[in-house]
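For reference, the structure discussed in these notes is given below.
There are 4 protein chains.
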Amino acid sequence: MSTFGHYGESHCRSVGCIIDGCPPGMELTEADIQPQMTRRRPGQSAITTPRNEKDRVQIQSGTEFGVTLGTPIGLMVLNEDQRPKDYGNKTMDLYPRPSHADWTYLEKYGVKASSGGGRSSARETIGRVAAGAVAEKYLKLAHGIEITAFVTSVGAVHMFPPTPEMPTPSQNPDFLKLLETIDRETVDKFLPVRCPSEEASKRMEDCISEFRDKEDSIGGTVTCVIKNVPSGLGEPCFDKLEATLAHAMLSIPATKGFEFGSGFGGCEVPGSVHNDPFIRAPESAGAGSSGLPRSKLTTKTNNSGGVQGGITNGAPIYFRVAFKPPATIGHSQTTATYDGEEEGVLAAKGRHDPCVVPRAVPIVEAMSALVVMDSLMSQMARIGARSHLPPLKQTIPPSSNGVSSGQ
Amino acid sequence: MSTFGHYGESHCRSVGCIIDGCPPGMELTEADIQPQMTRRRPGQSAITTPRNEKDRVQIQSGTEFGVTLGTPIGLMVLNEDQRPKDYGNKTMDLYPRPSHADWTYLEKYGVKASSGGGRSSARETIGRVAAGAVAEKYLKLAHGIEITAFVTSVGAVHMFPPTPEMPTPSQNPDFLKLLETIDRETVDKFLPVRCPSEEASKRMEDCISEFRDKEDSIGGTVTCVIKNVPSGLGEPCFDKLEATLAHAMLSIPATKGFEFGSGFGGCEVPGSVHNDPFIRAPESAGAGSSGLPRSKLTTKTNNSGGVQGGITNGAPIYFRVAFKPPATIGHSQTTATYDGEEEGVLAAKGRHDPCVVPRAVPIVEAMSALVVMDSLMSQMARIGARSHLPPLKQTIPPSSNGVSSGQ
Amino acid sequence: MSTFGHYGESHCRSVGCIIDGCPPGMELTEADIQPQMTRRRPGQSAITTPRNEKDRVQIQSGTEFGVTLGTPIGLMVLNEDQRPKDYGNKTMDLYPRPSHADWTYLEKYGVKASSGGGRSSARETIGRVAAGAVAEKYLKLAHGIEITAFVTSVGAVHMFPPTPEMPTPSQNPDFLKLLETIDRETVDKFLPVRCPSEEASKRMEDCISEFRDKEDSIGGTVTCVIKNVPSGLGEPCFDKLEATLAHAMLSIPATKGFEFGSGFGGCEVPGSVHNDPFIRAPESAGAGSSGLPRSKLTTKTNNSGGVQGGITNGAPIYFRVAFKPPATIGHSQTTATYDGEEEGVLAAKGRHDPCVVPRAVPIVEAMSALVVMDSLMSQMARIGARSHLPPLKQTIPPSSNGVSSGQ
Amino acid sequence: MSTFGHYGESHCRSVGCIIDGCPPGMELTEADIQPQMTRRRPGQSAITTPRNEKDRVQIQSGTEFGVTLGTPIGLMVLNEDQRPKDYGNKTMDLYPRPSHADWTYLEKYGVKASSGGGRSSARETIGRVAAGAVAEKYLKLAHGIEITAFVTSVGAVHMFPPTPEMPTPSQNPDFLKLLETIDRETVDKFLPVRCPSEEASKRMEDCISEFRDKEDSIGGTVTCVIKNVPSGLGEPCFDKLEATLAHAMLSIPATKGFEFGSGFGGCEVPGSVHNDPFIRAPESAGAGSSGLPRSKLTTKTNNSGGVQGGITNGAPIYFRVAFKPPATIGHSQTTATYDGEEEGVLAAKGRHDPCVVPRAVPIVEAMSALVVMDSLMSQMARIGARSHLPPLKQTIPPSSNGVSSGQ
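Chains as they are written, first to last, in our numbering: chain A, 13 to 419; chain B, 13 to 419; chain C, 13 to 419; chain D, 13 to 419.
Printed below as a string of structure tokens:
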């Protein structure tokens with residue numbers, strides 16, 4: 013996220029971000045950003061938190077007459093509820109919420125924000141979604157890259173449940189087919205859950221409702237696919253594409269895990285089955301629309317999730333992110349006070365989101381866009397630099413046919 | 013990994029790294045580093061690759077009379093086999109290995125290293141392990157931090173198999189007990205697999221042997237626990253501790269996933285069960301040996317994996333990393349040539365590692381140490397800066413008792 | 013400037029910045045920031061540009077009840093004149109202004125902002141001054157650090173003119189005395205020029221008026237002194253304190269040079285005279301108020317400008333920054349059109365600042381504060397990390413008395 | 013210097029560096045690097061320090077068959093004199109050398125390296141020169157960029173002495189002519205001083221000899237010109253090209269100042285004279301050999317030093333760096349002991365370099381190459397990213413002719 017900084021807590025004046033390095037000469041207005049802001053908003057249905065937020069984004073700088081200048085783009089969203097409020101629950105001032113950031117923030121900073129975690133509010137994700145929307149605009153326009161996330165599990169309800177025979181969905185033809193065809197419009201037809209399956213979606217909605225009614229909460233997973241990514245993105249060691257994606261995803265509040273391609277289930281598949289054989293790429297395929305050279309090869313299967321050795325191979329990139337059950341629940345909990353002097357019972361007043369995965373969908377998409385954008389810029393620098401070198405006078409000697417797997 | 017750079021391919025003169033920012037005044041010699049280098053070496057048993065490597069580390073700079081100066085520490089390990097060799101298999105020069113980095117490196121760089129992936133060799137992990145050993149020395153000496161990784165699954169053989177009732181080991185008392193007691197000496201008693209269970213270890217060894225005999229390969233998972241970490245480490249947004257850990261782990265070759273605390277299984281547990289209630293910390297517990305103030309609270313359970321809102325709470329940090337089956341196998345595979353002109357059958361000659369998890373153990377430990385060290389240095393800067401501020405003249409008004417979960 | 017990002021052009025909605033890493037628990041309100049904003053404003057006198065600007069800063073985030081939370085601080089200043097305006101001079105649309113950024117911005121971005129350089133407006137310095145004011149607050153409160161800049165030359169009028177006998181003011185006792193006593197209140201008594209000498213100030217004012225009347229412009233230099241900086245700040249190689257200061261100063265618009273301590277003139281002084289002998293530090297001196305250990309030594313002279321080998325020695329840091337004559341002048345200039353097709357005469361309408369040094373004073377102070385803050389945070393991390401190491405078991409052998417000057 | 017890390021002290025096993033991001037597919041062997049290493053070596057004449065050093069560079073990684081792979085390039089130079097030696101001068105163990113880093117290193121790290129400053133040895137510049145040579149190879153091959161530094165003053169002996177009428181050499185036609193024609197071969201004809209003027213060179217040599225005979229030292233300045241740099245390099249705010257150049261130059265040991273283009277003298281020139289009018293660029297000029305589009309304009313004069321608003325305009329970049337008199341001198345100095353308990357007389361034994369500027373020439377060139385390389389890579393990313401955007405549907409409205417100088 014070298015190109016992105018952001019600020020904001022729950023109850024400050026505004027939340028915002030600065031995007032540095034956006035290419036100049038791209039059409040950009042608030043209308044490109046607002047749709048993802050709105051998809052992120054709470055209050056979209058009976059099963060998400062009903063508080064009404066407006067979240068109108070304003071471009072502060074970096075564009076003129078609707079075109080990017082190449083200079084930093086400042087984005088801002090006013091907080092409408094700027095003052096700390098009493099949620100009618102003095103106990104929440106005495107007790108750090110279990111599994112919430114209240115306690116660790118106090119340990120880190122030595123200052124207790126009146127709004128508990130302060131910075132660890134879901135409102136900080138507004139800046140991420142806004143910046144991601146700008147990156148997505150570029151990726152789509154310049155390379156035809158499409159990013160779509162959707163819910164694949166809520167609690168124990170899975171869209172593609174693992175089985176001993178098929179420990180990973182990467183071997184399920186239905187899953188692979190879905191990756192090829194899914195788009196955001198389709199995903200949003202399955203509101204409020206955003207799981208693109210009539211049957212699974214219904215069961216997930218029931219599951220969330222059940223937990224909501226019990227004033228409890230439940231977790232779930234979001235799967236994301238990124239299509240039309242050119243080959244060659246990602247750095248070979250520390251900044252492998254999967255590593256920077258994992259970093260980005262685990263930086264989203266409430267996440268507990270990340271797997272890409274065959275993932276954890278892939279560990280149970282023999283190498284002879286797991287390896288993705290190369291085949292000749294169809295003429296029409298690949299990075300044709302990207303303006304970059306089309307790859308000669310593609311893979312027959314895609315257990316790799318579009319990344320091999322940290323570098324994209326042109327196949328769809330896909331991964332799954334785990335979100336825990338929200339920590340703030342109405343259900344009463346016995347826990348200690350901040351000073352450790354006594355234990356008591358804490359129960360959050362008001363209505364709280366029983367499951368975050370439907371709203372996490374645009375956040376996962378936004379973070380994906382930022383990561384792909386960064387890796388694309390790095391590779392652009394490399395390609396550009398190489399392109400000005402003269403052809404090698406020397407040729408690789410023909411006897412250099414040794415291959416080693418190294419150790 | 014801001015404090016660490018490294019270089020090296022399979023067949024170059026040496027591999028090495030530079031560690032910047034190591035605290036001055038710490039005793040350090042090669043003897044502190046070599047043990048982990050040796051644990052990383054292949055050829056430790058019949059089920060790992062038998063090629064003999066020496067991997068003697070040499071400190072180039074940054075110490076004098078066995079004490080760190082605070083200046084950059086250069087570390088180097090000579091490659092004994094510096095020239096590309098013919099593995100007797102011309103086909104490997106024509107075919108990119110399926111699911112290996114051969115193809116993507118060529119797409120990225122436009123240059124084909126004679127050793128296939130070149131930089132994507134397991135030899136690049138030598139620099140990581142060496143740097144990690146230096147970080148570990150500091151963490152142990154200064155804060156009593158202990159990092160221990162071990163194998164928890166090979167193929168479908170799990171040390172703690174998930175069940176519908178217990179979808180995550182974070183709710184298994186045996187697992188939690190193991191985290192408290194495990195150390196490296198114990199782990200190495202279970203060589204060659206490094207799974208600290210007589211029974212599971214035996215079955216894993218059989219599993220690996222079976223795949224080796226079929227010239228095939230299999231994946232597995234490594235679990236790592238970090239004990240005695242002070243509270244307050246990790247940054248609140250993009251550099252949450254779990255995010256930087258995930259980045260580090262997914263940068264290790266052959267990884268497919270990362271989960272911390274309750275992980276993917278935790279998504280299936282209700283919030284009321286998943287939340288970790290706070291209790292008063294026992295006098296003897298916590299960061300006592302670290303020289304940092306002891307926390308007043310600890311948690312009764314540890315589904316959080318020691319991190320809440322991206323920041324450590326003083327409880328043990330634990331996570332699990334998925335490793336895929338190695339791509340280079342003797343088993344024959346039908347795949348395309350580099351130019352996509354024809355398909356053929358590729359079968360790697362020589363003996364290849366059928367499962368990487370036993371050797372991955374010290375690499376996971378090393379990357380953990382580097383991440384914790386970085387986050388500790390950041391927090392030291394914050395604590396140090398804050399400590400020189402005068403007490404606040406102003407007090408937080410007593411009516412500021414509002415708490416919100418934010419959105 | 014790792015801790016600081018900013019955005020804004022001349023005519024966008026607002027300019028602003030994000031400060032990351034400000035220590036928590038510090039009192040901070042807009043009243044701490046506004047004074048420097050006001051000192052930066054144009055229109056302070058007859059010899060500076062008369063356009064009226066308000067430049068009211070608003071804290072967006074990172075504080076609550078007037079105390080910093082440790083989270084990112086967003087600062088914003090609305091642009092009152094948000095729309096590009098016709099300055100009645102169509103020629104300025106056809107011609108890139110000589111020695112201005114109009115042309116190079118177009119070459120870099122391929123997009124021509126209607127306001128010429130766009131980002132290269134003096135308005136971008138608002139974010140710097142705002143962020144600097146926050147850093148200064150901390151440095152003053154926590155370490156008693158004081159930063160004061162003032163004008164030392166305008167055109168050929170020098171406050172301390174170099175002579176063959178005294179090629180650098182670092183050997184002038186009057187100059188050294190001034191460094192010890194100068195403060196901002198004194199500097200502002202010498203408005204509009206901000207040169208703390210009745211006589212020189214008068215001559216400088218005359219010089220500027222003369223160039224204003226000719227619709228021409230003139231350059232000058234600003235000297236800055238930073239007092240009470242603890243010893244040990246700055247990194248030994250690439251981030252020497254003088255290197256990061258030089259980076260910061262040369263990033264200010266219109267700068268042409270940087271020298272610290274004896275500077276360019278010091279090259280003409282023999283080493284035997286230039287070297288600063290060490291003497292015992294007086295009990296009352298040094299970093300006493302900083303909470304850091306007081307140095308045992310100080311230097312008799314200060315040709316070093318408070319920095320030796322890139323690291324502070326506790327003596328006052330001082331340096332001088334060169335500002336060129338402003339490029340935008342009413343004076344007519346013959347120059348080529350953007351497309352190079354023809355040459356013509358360009359003369360800027362309106363009134364333009366004939367000399368920027370008086371207004372540059374708070375900008376130089378702000379950038380100084382940001383640099384010192386960054387280096388202080390790094391050193392805090394090092395001190396903190398080292399403080400938890402056990403005492404060395406081993407002692408440095410007494411025979412290790414070799415000293416070499418290295419090569 | 014994001015792409016470059018290095019290690020090494022005077023007496024450790026080796027000094028070295030890692031270059032990350034070198035474009036793949038470039039021919040590179042030790043023979044490309046060694047010449048600058050040799051130019052940096054001491055002992056090249058009677059007026060530089062006579063200790064003999066070999067400084068043979070070895071490529072450790074990142075190339076194969078003499079071609080860069082795109083992976084990190086490790087470079088190493090063995091230290092031949094690895095053990096701290098007694099220079100026969102116990103006093104140097106008791107006394108920190110005045111104006112040397114001995115004292116500040118101890119203040120920073122709390123550890124006293126036996127070799128005094130340790131890291132602050134001129135030997136650390138070996139890694140810079142080696143990395144710079146690799147960058148230069150690319151810049152020359154890909155863009156025809158040529159970097160040449162030379163000595164322009166020693167003590168009070170100036171090649172282009174400033175006068176009241178001509179306060180800056182940027183207005184001297186002889187100087188501008190020299191910038192156009194100078195190359196390294198010519199500079200080295202003027203060994204030992206490297207000032208390309210028979211007359212000035214002789215006087216400088218005499219000046220250095222005089223100080224050497226008095227066991228004293230003297231400073232000087234180095235001017236550097238970078239030709240054929242494409243327009244558009246450098247970032248608009250904090251990473252203006254002059255700012256990153258200043259950072260790089262002030263990071264070289266013993267530097268005291270940096271000025272570019274008209275520099276400090278330019279402050280005394282009226283804007284009407286100082287501004288560089290644009291003229292149509294000749295067909296043959298500019299970035300023709302660079303593969304980047306040729307600029308339509310160039311400037312008639314070059315007070316800007318090739319950079320306007322932080323961004324290159326295609327004209328030659330030139331700047332001057334001040335080096336102080338070396339701190340280690342045979343001349344006796346009265347100074348305090350480390351503990352401040354007593355004062356005494358210190359006189360360095362052995363022969364020490366009386367003036368560093370001749371040897372600083374290749375170091376200035378190396379750091380210039382690293383800075384230009386970094387800025388070029390950034391601009392490559394921007395150009396590459398922009399090139400894939402579709403043409404703007406919208407056109408800038410013709411009435412947008414407002415131009416403002418901003419404030």
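Think of the CB as a built atom: it goes at the ideal place given N, C-alpha and C, for glycine as much as any other residue.
- Taking the CA atoms as reference points, ARG135(B) sits about 11 Å from LEU90(B).
- For the set ALA359(D), ALA393(D), TYR330(D), MET49(D), the Cα lying nearest the Cα of GLU158(D) is the one of TYR330(D).
- The beta strand (DSSP E) runs of length 3 or more contained entirely in the region 284-343 of chain B are, from start to end of the chain, 290-292, 309-311, 329-335.
- Interface criterion not met: the Cβ of ILE45(D) is under 8 Å from no Cβ in chain A.
- Distance from the CA of ARG109(A) to the CA of GLN320(B), rounded to the nearest whole angstrom, comes to 11 Å.
- Judged by their CB atoms, VAL146(A) and CYS236(A) are not nearer to each other than the 8 Å cut-off.
- The Cβ neighbour count for ASP67(B), taken over all protein chains shown within 10 Å, is at least 16; the residue is labelled buried.
- Rounded to the nearest whole angstrom, the C-alpha separation of CYS367(D) and PRO265(C) is 34 Å.
- Rounded to the nearest angstrom, the gap between the Cα atoms of GLU377(A) and ALA125(A) is 30 Å.
- With a beta-carbon spacing of about 15 Å, PRO294(B) and LYS239(B) fall beyond the 8 Å limit used to define contacts.
- Neighbours of LYS239(D) across chain A, judged by C-beta separation under 8 Å, do not exist; the nearest C-beta is about 16 Å away.
- Shown here, MET38(A) sits in coil according to DSSP, grouped into three states, outside any helix or strand.
- Taking C-beta separations shorter than 6 Å and ignoring five residues to either side along the sequence, THR116(A) has no partners in its chain.
- One alpha carbon belongs to PHE162(B), the other to VAL79(B), and they sit about 31 Å apart.
- Boundaries of the beta strand (DSSP E) harbouring ILE71(B): 69-71, taken from the DSSP string.
- Taken in chain order, the whole alpha helix (DSSP H) runs of length 4 or more contained in the region 159-188 of chain D number zero.
- Interface with chain D (8 Å Cβ-Cβ cutoff): SER26(B) is included.
- SER399(D) sits away from GLY246(D), with the two beta carbons spaced by 8 Å or more.
- At least one C-beta of chain C is nearer than 8 Å to the C-beta of SER73(A).
- Straight across, the Cα-Cα distance linking PHE276(C) with VAL369(D) is about 13 Å.
- When the Cα atoms are used, GLY232(C) and GLY283(C) turn out to be separated by approximately 29 Å.
- Within the model, the alpha-carbon separation for PRO84(B) versus ALA372(D) is close to 23 Å.
- Using a Cβ distance threshold of 8 Å, ILE341(C) and ASP218(C) do not count as a contacting pair.
- At a beta-carbon threshold of 7 Å, none of the residues of chain A lie near LYS252(D); the nearest stands roughly 14 Å away.
- In the DSSP assignment, LYS124(A) is bridged to no other residue.
- Non-local beta-carbon contacts of SER132(B) in its own chain, meaning distances under 7 Å to residues more than five positions away in sequence, involve ALA113, TYR117, PRO265 in chain order.
- Cβ proximity to chain A below 8 Å picks out TYR150, LEU153, ALA154, HIS155 from the region 132-159 of chain D.
- Rounded to whole angstroms, PRO204(A) and MET385(A) show a C-alpha spacing of 29 Å.
- Residues of the region 351-385 of chain D with a C-beta less than 8 Å from any C-beta of chain A: none at all.
- Using a CB distance cut-off of 8 Å, LEU40(A) does not count as an interface residue toward chain C.
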